[in-house]
Amino acid sequence: GEHGMALVDCTGVDAGVRAEAGVLRGPRGAVAYAVMVHFDDADLRARLAVRDALGVVGLDLLEHVH
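Number 187 in my numbering belongs to position 55 of the sequence shown; there are no gaps in the numbering.
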């Protein structure tokens, strides 16, 4: 993969739910992960907060394997 990285993942979305599971491999190791967030999908602010939180999880995973 690009930069010695490989990602296989699956994302699921429904009203008020975002979920992702996958495997991330990099030069320093590999990790399997699953993340599910349930939230009040009443406004855009809540949805953006969930995206930000999932982005933080993604960066943590990346730091672990790269």
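Quick reminder that beta carbons are idealized off the backbone N, C-alpha and C, glycines included.
This one's a predicted model, so the numbers in the text were calculated from it and none came from an experiment.
Chain-order list of residues whose beta-carbon lies under 6 Å from that of residue i (same chain, five-residue window excluded)
{"i": "A138", "result": "R157"}
Which of helix, strand or coil DSSP assigns to residue i
{"i": "H198", "result": "coil"}
{"i": "A178", "result": "helix"}
{"i": "G154", "result": "strand"}
{"i": "G148", "result": "coil"}
Residue i versus residue j: straight-line alpha-carbon distance, rounded
{"i": "C142", "j": "V163", "result": "15 Å"}
{"i": "E134", "j": "L180", "result": "28 Å"}
{"i": "H196", "j": "G154", "result": "15 Å"}
{"i": "R160", "j": "L191", "result": "15 Å"}
Own chain, CB closer than 8 Å to residue i, minus 5 neighbours either side, in chain order
{"i": "D172", "result": "G148 and A178"}
{"i": "L186", "result": "R150, E152, V167 and V169"}
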